[in-house]
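Trainee:
Residue numbers (this note's numbering): 434 to 1023.
1) Locate the alpha helix (DSSP H) running through residue 585, then write down its first and last residues.
2) Take residue 855 as the anchor and find which of 942, 499, 810, 488 has the nearest alpha-carbon.
3) Using DSSP with H/G/I as helix, E/B as strand and the rest coil, what is residue 882?
4) Who are the Cβ neighbours of residue 788 in its own chain at under 6 Å, not counting the five residues just before and after it?
5) I'd like to check one pair, residue 608 with residue 488: are the Cβ atoms closer than 7 Å?
6) Let me check one thing: in DSSP terms, what residues is residue 977 bridge-paired to?
7) Is residue 437 helix, strand or coil when you go by DSSP?
8) Can you look up residue 902 in the DSSP assignment and give me helix, strand or coil?
9) Sort 836, 714, 559, 493 by Cα distance to residue 658 and report the nearest one.
10) Just reading off the beta strand (DSSP E) that residue 914 is part of, what are its end residues?
11) Whose CA, out of 670, 548, 762, lies closest to the CA of residue 462?
12) Buried or exposed for residue 519, please, with buried defined as at least 16 other CB atoms from any protein chain shown within 10 angstroms of its CB.
13) Would you mind reading off the limits of the alpha helix (DSSP H) that contains residue 1008?
14) Of all the options 553, 522, 552, which has the alpha carbon lying nearest to the alpha carbon of residue 542?
15) Kindly indicate the opening and closing residues of the alpha helix (DSSP H) around residue 795.
16) What is the DSSP secondary structure of residue 528, reduced to helix, strand or coil?
17) When DSSP labels each residue in this structure, what does residue 477 get in the three-state scheme?
18) I need the DSSP call for residue 763, collapsed to helix, strand or coil.
19) Output the distance between the C-alpha atoms of residue 828 and residue 527, rounded to the nearest integer angstrom.
20) Taking all protein chains shown into account, decide if residue 1108 is buried (16 or more other Cβ within 10 angstroms of its Cβ) or exposed.
21) With a 10 Å radius around its C-beta and 16 neighbouring C-beta atoms as the bar for buried, classify residue 888 as buried or exposed.
22) Tell me which same chain residues have a C-beta within less than 8 Å of the C-beta of residue 906, skipping the five on either side of it?
23) Buried or exposed: which applies to residue 1023, given that a residue is buried once 16 or more other Cβ atoms fall within 10 Å of its Cβ?
24) Among all the DSSP beta bridges, which residues are the ones paired with residue 939?
25) For residue 985, which residues of its own chain have a beta-carbon under 6 Å away from its beta-carbon, when the five flanking residues on both sides are left out?
26) Does the Cβ-Cβ distance between residue 468 and residue 786 come in under 7 Å?
27) Measure the CB-CB distance between residue 597 and residue 714 and report whether it falls below 7 Å.
28) How would you call residue 963, buried or exposed, if buried means at least 16 neighbouring beta carbons within 10 angstroms?
29) When burial is assigned at 16 or more other CB atoms within 10 Å of the CB, is residue 540 buried or exposed?
30) So, is residue 697 buried or exposed, given that buried needs 16 or more other C-beta atoms within 10 angstroms?
31) Between residue 450 and the rest of its own chain, which residues show a CB-CB distance below 8 Å, the 5 nearest in sequence each way excluded?
32) Rounded to whole angstroms, what is the Cα-Cα separation between residue 565 and residue 870?
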């Protein structure tokens, strides 16, 4: 019996590990397609000599070990908001203590929102650069494909976004095995290249990274923007931790992803040492000729999976913004009957598709797109470090010396990467910043506009006590059934009730004022989900509380009301919804 339990546990752990490869490591797993190449090729290239190659490889090695293995897996992933990760969850966690002595609450919230806005720009750039870099492998097979690269990329991207409404439930089972095959190929072709020039393994020694900085500080600084491309998937680890947990993510990293990536990067470095002319595309030129077509197909599938994970994460973030009141009510489609987090947001999907296609048209090559890639994630990484430091102080109760000793190291490295990426602004780095600024402006404007609207409505609202007085005079006919009036402010009498009473002269036996409130936490405990307040004359005030990672279930909420103290039984319900329409005025009160 114990043996069967251990065997089942082992199988479950293996399945989670493979699933982590498909969900979490798609972005960072496709970085070998373009990352090392950008250090020696393109607008920010450095001289292709042995010392530079070994220096960049050493920087890549220790960037992966420090940023991913140490910073994210050892520390950042522990800052979960009831199992949920990502910059919005982290912002909500940092705001829990309401400690204004660390940083102003409004400034902290806006900083977290801007980091979230940067993820919107990243969700457009990642599919564009990933798919484009994979399809560019066709040029290695034959230059005749050059005129079809953009057309094929367009076809893949349009198909990717078109099938988002199907959800990832049906095809997600294939993601893990495909990425396992992808990482295996990364390791094998990298290992075969290393065997031809094992001298490259000296770059494992951090001495070469320090020597590179001391002997060629200018080149080392310029190369940091390319080195950063190898760790851009770090935020995905944190954002997706709620789906898999820390254990599966860390095992997937240390057992498969990290060794495969290092073998491939060192294989590309070995190729550049013996064949500098391969710098145009070292990833594909490292593979044997007979494997190019299968490798292009596998790379395309891997980049589609990486893009899928980014897009799905954006859908979740859009839903969170709606819950927190920073986006209008959007149509949200649940694509799985079993997994609540699998959703599809049509409006966001098509906006991101248009932005992604525009980036492909504007930049045309993955090398040009690399200039726009990295800035948004580097800013987000700085934000993640700052917010985690606040959490360490307010939630984990760390001492200031401990926080300063650890997070100063994080800030130094993050700021170095950010500064290096700022050199890309003129070459396209302005694009993600512009997208993020526009998104941030829309979110904050919507929130402020709703606040102004509610203030105006409340100032002109009709009190419940006044309604009761009028009902005694009017004595409307009470009809059977329940009327549910959706109201955004729990203290307001819904205008829709007043209009219905005025025009129809009837009132239901049971009248419910229903308010759904979004909380600054990922999940709300079931015991705090529902509040039922009996008023009088068959009136009830019902308030439902949901976290930003939850989707409100109105009917389920109302069905449980009968089990609450002072609750009611829901029969033959009729819902009344109101819509506020803003019109331009003269500014003169009448």
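Virtual Cβ for every residue (Gly too), placed ideally from N, Cα, C.
These figures come from a predicted structure and were not determined experimentally.
Mentor: Reading from the atomic positions:
1) Within the chain shown, numbered from 1, the residue matching residue 585 stands at position 152. 582-595 is the span of the alpha helix (DSSP H), which, as asked, contains residue 585.
2) Position 422 of the chain shown holds residue 855. Ranking 942, 499, 810, 488 by CA distance to the CA of residue 855 puts 810 first.
3) Here residue 882 is taken as the residue at index 449 of the chain shown, counted from 1. Of the three classes helix, strand and coil, the one that applies to residue 882 here is helix, per DSSP.
4) If you number the chain shown from 1, residue 788 lands on position 355. Cβ neighbours of residue 788 within its own chain (closer than 6 Å, five residues either side excluded): 557.
5) Residue 488 sits at position 55 when you count from the first residue of the chain shown. Residue 608 sits at position 175 when you count from the first residue of the chain shown. Cβ atoms of residue 488 and residue 608: not closer than 7 Å.
6) Against the chain shown, residue 977 aligns to sequence position 544. Paired residues: 949, 963.
7) The sequence position of residue 437 within the chain shown is 4, counting from 1. Because residue 437 carries a pLDDT of 39, less than 50, the predicted location of this residue cannot be relied on, and no value is offered for it.
8) Start at 1 with the first residue of the chain shown, and residue 902 comes out as number 469. Three-state result, residue 902: helix.
9) The residue labelled residue 658 in the question sits at position 225 within the chain shown. With distances taken between Cα atoms, residue 658 lies closest to 493.
10) Counted from its first residue, the chain shown places residue 914 at position 481. Run containing residue 914: 910-919, per the beta strand (DSSP E) assignment.
11) As a first step, residue 462 is located in the chain shown; it is residue number 29 there, counting from the start. Ranking 670, 548, 762 by Cα distance to residue 462 puts 670 first.
12) By 1-based counting over the chain shown, the position of residue 519 is 86. Residue environment: residue 519 is assigned as buried (16 or more neighbouring CB atoms within 10 Å of its CB, all protein chains considered).
13) Here residue 1008 is taken as the residue at index 575 of the chain shown, counted from 1. First-last for residue 1008: 1006-1009, but that is the beta strand (DSSP E), not the alpha helix (DSSP H).
14) Locating residue 542 in the chain shown gives position 109, where the first residue counts as 1. Of 553, 522, 552, the residue nearest in Cα terms is 522.
15) Mapped onto the chain shown, residue 795 falls at position 362. Here the alpha helix (DSSP H) through residue 795 covers 779-796.
16) Within the chain shown, the letter at position 95 stands for residue 528. Coil.
17) One-based indexing of the chain shown puts residue 477 at position 44. Coil at residue 477, not helix or strand.
18) To locate residue 763, count along the chain shown from 1; it is residue 330. Residue 763: coil per DSSP, three-state reduction.
19) If you number the chain shown from 1, residue 828 lands on position 395. If you number the chain shown from 1, residue 527 lands on position 94. Computed Cα separation, rounded: 8 Å.
20) Since the first residue shown for the chain is 434 and the last is 1023, residue 1108 is missing from the structure and cannot be characterised.
21) Residue 888 sits at position 455 when you count from the first residue of the chain shown. Exposed: under 16 other Cβ atoms inside 10 Å.
22) On the chain shown, residue 906 is found 473 positions in, with the first residue counted as 1. Correct list: empty, nothing qualifies.
23) Working through the chain shown from its first residue, we reach residue 1023 at position 590. Confidence in residue 1023 is poor, its pLDDT being 39 and thus under 50, which makes the residue's placement unreliable; the coordinate value appears in the next sentence. Classification of residue 1023: exposed, given that the 10 Å Cβ count is below 16.
24) As a working mapping, residue 939 is identified with position 506 in the chain shown. In DSSP, residue 939 forms a bridge with 910.
25) Counting from one through the chain shown, the residue named residue 985 turns up at place 552. These residues qualify, in order along the chain: 949, 979.
26) Here residue 468 refers to the residue found at position 35 of the chain shown. Here residue 786 refers to the residue found at position 353 of the chain shown. No; because the gap between Cβ atoms is not below 7 Å, this pair is not in contact.
27) Position 164 of the chain shown holds residue 597. Position 281 of the chain shown holds residue 714. For residue 597 and residue 714, no; Cβs fall outside 7 Å.
28) By one-based count along the chain shown, residue 963 stands at place 530. Per the 10 Å Cβ criterion, buried.
29) Locating residue 540 in the chain shown gives position 107, where the first residue counts as 1. By the neighbour-count rule (16 or more Cβ atoms within 10 Å), residue 540 is not buried but exposed.
30) Residue numbering aside, residue 697 sits at position 264 when the chain shown is read from its first letter. By the 10 Å Cβ count, residue 697 comes out buried.
31) In the chain shown, residue 450 corresponds to position 17, counting from 1. If we look at residue 450 and ignore the five residues flanking it on each side, its Cβ neighbours are 681, 684, 685, 688, 689.
32) Here residue 565 is taken as the residue at index 132 of the chain shown, counted from 1. Here residue 870 is taken as the residue at index 437 of the chain shown, counted from 1. Computed Cα separation, rounded: 26 Å.
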